[in-house]
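Enquirer: Right, I'll just put the structure down here and ask away after.
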Amino acid sequence: MADEIHTTIETPKAQMNGYEIIHSKSPVFYDVYERKSELKHQTHYCPGCGHGVAHKLIAEAVEELGIHEKTIFVSPVGCSVFAYYYFNVGNVQVPHGRAPAAATGVRRACPGKVVISYQGDGDLAAIGTAEIVHAANRGEKIAVFFVNNAIYGMTGGQMAPTTLVGQKSSTSPWGRRPTNEGFPLHMSELISTLEAPVYIERVALCDNKNIMKARRAIRKALELQRDGAGFSFVEILSPCPTIWGKDPVEARKWVSEMMVPTFPLNVFRDRKPETAAGSAPPQHSIPEVLEIETKPEAGTTARHAHHFKEFRIKVAGFGGQGVLLLGQLLTEMGMREGLEVSWLPSYGPEMRSGSAHCHVCLSKERIGSPLISHPDVLVAMNEISLRKFASQVAADGLIIYNGEKLPENFLLPEARVLCVPASAIADKLGSAKVSNVVMLGALLEETECLAPGTAMGVIQEKVKRVELLETNRKALASGRRLVDEHAHLEAVTQPDGFSY
Ligand SMILES: Cc1ncc(C[n+]2csc(CCOP(=O)(O)OP(=O)(O)O)c2C)c(N)n1
Ligand code: SF4
């Protein structure tokens with residue numbers, strides 16, 4: 154297929170006024186575009202669409218600058234939603250308008266990369282106005298290519314913020330009226346009121362000369378990224394023949410005759426990189442930023458071995474049982490023991506007595522997702538949670554249930570079960586509030602996932618009322634002791650007489 158694509162069209166040079174037509178494409182594009190089942194060398198764009206030209210200019214600039222391997226392309230929602238089918242670079246596809254926010258995250262996480270936020274005018278200037286303004290204002294080190302075709306292309310021609318005064322669209326069939334729809338938004342001018350951006354230019358894909366200017370602007374924006382300079386923004390006035398109801402030649406003409414007078418071509422900002430605002434964001438670890446001591450506490454964590462690569466816990470119950478707090482205690486402990494941690498809470502609008510649960514992940518490696526589908530341990534603080542979540546527990550997992558025994562008619566899944574009457578123990582200790590700490594003690598003793606010594610350090614910091622501290626200490630000890638005794642009982646009941 155690649156051979157078919159990179160061919161010279163066999164037409165005698167004489168017939169072409171001495172020119173040769175070469176049908177080829179940049180190696181920054183994939184050889185085959187899987188999006189198209191039959192014509193695998195064609196994009197999905199309409200003939201004459203500016204997106205195709207803009208893509209070509211970007212690909213050529215990436216190739217020329219030698220940044221193929223370090224480019225990450227963030228595609229938007231709009232006609233260019235499938236850009237990742239074409240660019241053989243790092244690709245991220247994001248929801249409508251969010252490209253600058255996603256690009257911010259990508260660039261901050263990968264400081265050595267060249268990150269492109271590619272967006273249409275509906276995407277950038279309507280639904281994503283906030284994202285682009287704030288990314289520009291922060292001086293994020295990304296290149297934004299803003300393809301302004303004065304209309305919503307993908308959805309069939311609704312008015313965009315950049316639709317011209319008098320221009321008809323499906324949502325302004327009488328033509329845009331400033332008194333009703335306001336004036337077109339001039340994004341380049343708007344962004345150039347901000348301090349941080351280093352480069353802002355508006356170009357137009359209306360004829361060869363201007364396409365060459367666009368080429369230079371795109372190259373420059375990428376060059377600035379390669380050099381780590383700052384926020385660059387290139388607005389590309391672009392034909393949309395299909396929605397405008399014109400042929401490709403007329404559409405290009407319309408860009409120069411109708412769009413350019415409203416959106417004058419200009420270099421709005423061209424700063425030397427060394428004066429760039431938006432200096433590099435701090436690359437600190439989360440414990441450093443939160444000023445959390447990560448050194449293991451003497452006598453506890455240094456000796457604690459974590460017998461897992463990743464340990465996933467779900468705590469569930471109702472609001473007021475300390476469900477979310479128990480999750481926080483575990484994550485805080487994990488952090489202190491030098492683990493990667495995540496805590497994902499979920500609760501209804503009614504904070505008290507409504508159902509609540511949280512996912513806690515303790516890991517020796519970076520955590521991919523904080524969402525846990527199959528926990529290793531379910532801490533069920535009430536019967537409803539037990540019935541609701543027990544079937545999710547991993548086959549060799551553990552359920553710790555807040556009760557003397559399992560409820561009747563409860564179908565036990567494959568997981569092991571440990572019944573801990575935490576609420577009853579907490580009541581005896583004089584505070585119903587510490588039932589979650591009883592469960593914590595049982596969890597630590599049974600699974601040895603974290604060191605009990607770390608728990609007391611964390612609780613000490615979290616519990617503001619001194620008189621409750623002693624109750625918490627007892628609660629933790631009770632949970633642990635209960636498991637010890639339970640293990641002892643179980644041990645003597647083993648048929649072979651051995652303990653496990
Ligand atoms: C949150 C959300 N709102 C609305 C849409 C519908 N939608 C898809 S594309 C689009 C407009 C795209 O127009 P533009 O950004 O100008 O890009 P073009 O298609 O012209 O290249 C809209 C409104 C969506 N997909 N998601
Ligand atoms: S509808 Fe317009 S913007 Fe979309 S692919 Fe066709 S010409 Fe391009």
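Numbering (our numbering), first residue to last: 154 to 653.
Don't be surprised by glycine CBs; every beta carbon is placed ideally from N, CA and C.
Owing to the predicted nature of the structure, the values given are computational and were not obtained by experimental measurement.
#1: Locate the beta strand (DSSP E) running through Thr-224, then write down its first and last residues.
#2: If you count every other CB in all the chains shown that lies within 10 Å of the CB of Gln-272, and 16 or more means buried, which is it?
#3: Given 6 angstroms as the limit, tell me if Gly-398 has its C-beta closer than that to any heavy atom belonging to ligand 4.
#4: Just tell me which of Ala-256, His-221, Arg-260 has its CA closest to the CA of Val-242.
#5: Roughly how many angstroms lie between the CA atoms of Ile-371 and Asp-184, to the nearest whole one?
#6: What does a CB cutoff of less than 6 angstroms around Ile-396 pick up in its chain, not counting 5 residues either side in sequence?
#7: Name the residue from Thr-484, Glu-444, His-437, Gly-491 whose alpha carbon lies nearest to the alpha carbon of Ser-457.
#8: Taking the DSSP output, what are the residues bridged to Gln-311?
#9: Are the Cβ atoms of Val-268 and Lys-223 separated by less than 7 angstroms?
#10: Could you spell out where the alpha helix (DSSP H) holding Ile-612 opens and where it closes?
#11: Measure the alpha-carbon distance for Val-590 versus Leu-531 and round it to whole angstroms.
#12: Determine the DSSP secondary structure at Tyr-554, reduced to helix, strand or coil.
#13: Tell me whether Cys-393 counts as near ligand 2, meaning its Cβ is closer than 6 angstroms to at least one heavy atom of that ligand.
#14: Are the CB atoms of Leu-596 and Pro-605 nearer to each other than 7 angstroms?
#15: Let me make sure I understand the geometry here. Which of Gly-219, Glu-187, Ile-285 has the alpha-carbon closest to that of Tyr-237?
#16: Would you decide whether Pro-392 is buried or exposed? Buried here means 16 or more other CB atoms lie within 10 Å of its CB.
#17: Where do the N-terminal and C-terminal ends of the alpha helix (DSSP H) with Phe-542 fall, by residue?
#18: Near Gly-328, which residues of its chain fall below 7 angstroms by C-beta distance, leaving aside the five closest residues on each side in sequence?
#19: For Lys-462, does the count of other Cβ atoms within 10 angstroms reach 16, so buried, or fall short, so exposed?
#20: CA-CA distance, Gly-480 and Val-297?
#21: When DSSP labels each residue in this structure, what does Asn-302 get in the three-state scheme?
#22: Does the separation of the CB atoms of His-204 and Ser-233 fall below 7 angstroms?
#23: Under a Cβ-count criterion, where at least 16 other Cβ atoms within 10 Å of its own Cβ denotes burial, should Ile-439 be classed as buried or exposed?
#24: When the Cβ atoms of the stretch 324-344 are set against those of the stretch 356-369, are three or more pairs found closer than 8 angstroms?
#25: Under the rule that 16 or more other beta-carbon atoms within 10 Å means buried, what is Arg-626, buried or exposed?
#26: Inspect the beta-carbon positions of Met-534 and Asn-555 and report whether they are closer than 7 angstroms.
#27: Determine whether the beta carbon atoms of Glu-493 and Arg-465 lie at a separation below 7 angstroms.
#28: Exposed or buried, what is Thr-428 when buried is set at 16 or more other beta-carbons lying within 10 Å of its beta-carbon?
#29: Go through its chain and collect everything with a Cβ distance to Ser-676's Cβ below 6 angstroms, but skip five positions before and after it.
#30: Consider the C-beta atom of His-204 and the heavy atoms of ligand 2; say whether any pair is separated by less than 6 angstroms.
#31: How many angstroms separate the CA atom of Thr-316 from the CA atom of Ile-211?
#32: For Gln-378, which residues in the same chain have their Cβ closer than 6 angstroms to its Cβ, ignoring the five residues on either side in sequence?
#33: Which of the three DSSP states is assigned to Ala-236 in this structure?
#34: Let me make sure I understand the geometry here. Which of His-510, Lys-178, Ala-278 has the alpha-carbon closest to that of Leu-524?
#35: Confirm the yes/no value for this check: CB of Thr-308, any heavy atom of ligand 1, distance under 6 angstroms.
#36: Inspect the beta-carbon positions of Ala-357 and Val-413 and report whether they are closer than 7 angstroms.
Expert: This is what the structure gives:
#1: 224-228
#2: buried
#3: No copy of ligand 4 occurs in the structure displayed; its ligands are ligand 1 and ligand 2 alone.
#4: His-221
#5: 23 angstroms
#6: Contacts found: Ile-304, Gly-306, Gly-310.
#7: Strictly speaking, residue 457 in this sequence is His, with Ser absent from that position. Closest in C-alpha terms to His-457, from the list Thr-484, Glu-444, His-437, Gly-491, comes Gly-491.
#8: Per DSSP, none; premise fails for Gln-311.
#9: No, Cβ-Cβ distance for Val-268 and Lys-223 is not below 7 angstroms.
#10: 605-615
#11: 15 angstroms
#12: strand
#13: For ligand 2, at least one heavy atom lies less than 6 angstroms from the Cβ of Cys-393.
#14: no
#15: Selected option, being the one with the closest Cα: Glu-187.
#16: buried
#17: 536-542
#18: Gly-319, Gln-320, Lys-321
#19: exposed
#20: 40 angstroms
#21: coil
#22: yes
#23: Exposed is the call here.
#24: no
#25: buried
#26: yes
#27: no
#28: With a pLDDT of only 46 at Thr-428, under 50, the local geometry of the prediction cannot be trusted, and the value read off the model is given with reservation. It counts as exposed.
#29: Any answer about residue 676 is impossible in this case: the structure gives the chain only from 154 up to 653.
#30: yes
#31: 25 angstroms
#32: If we look at Gln-378 and ignore the five residues flanking it on each side, its Cβ neighbours are Val-267, Ala-296.
#33: helix
#34: His-510
#35: For ligand 1, at least one heavy atom lies less than 6 angstroms from the Cβ of Thr-308.
#36: For the 7 angstroms CB-CB criterion, Ala-357 and Val-413 form a contact.
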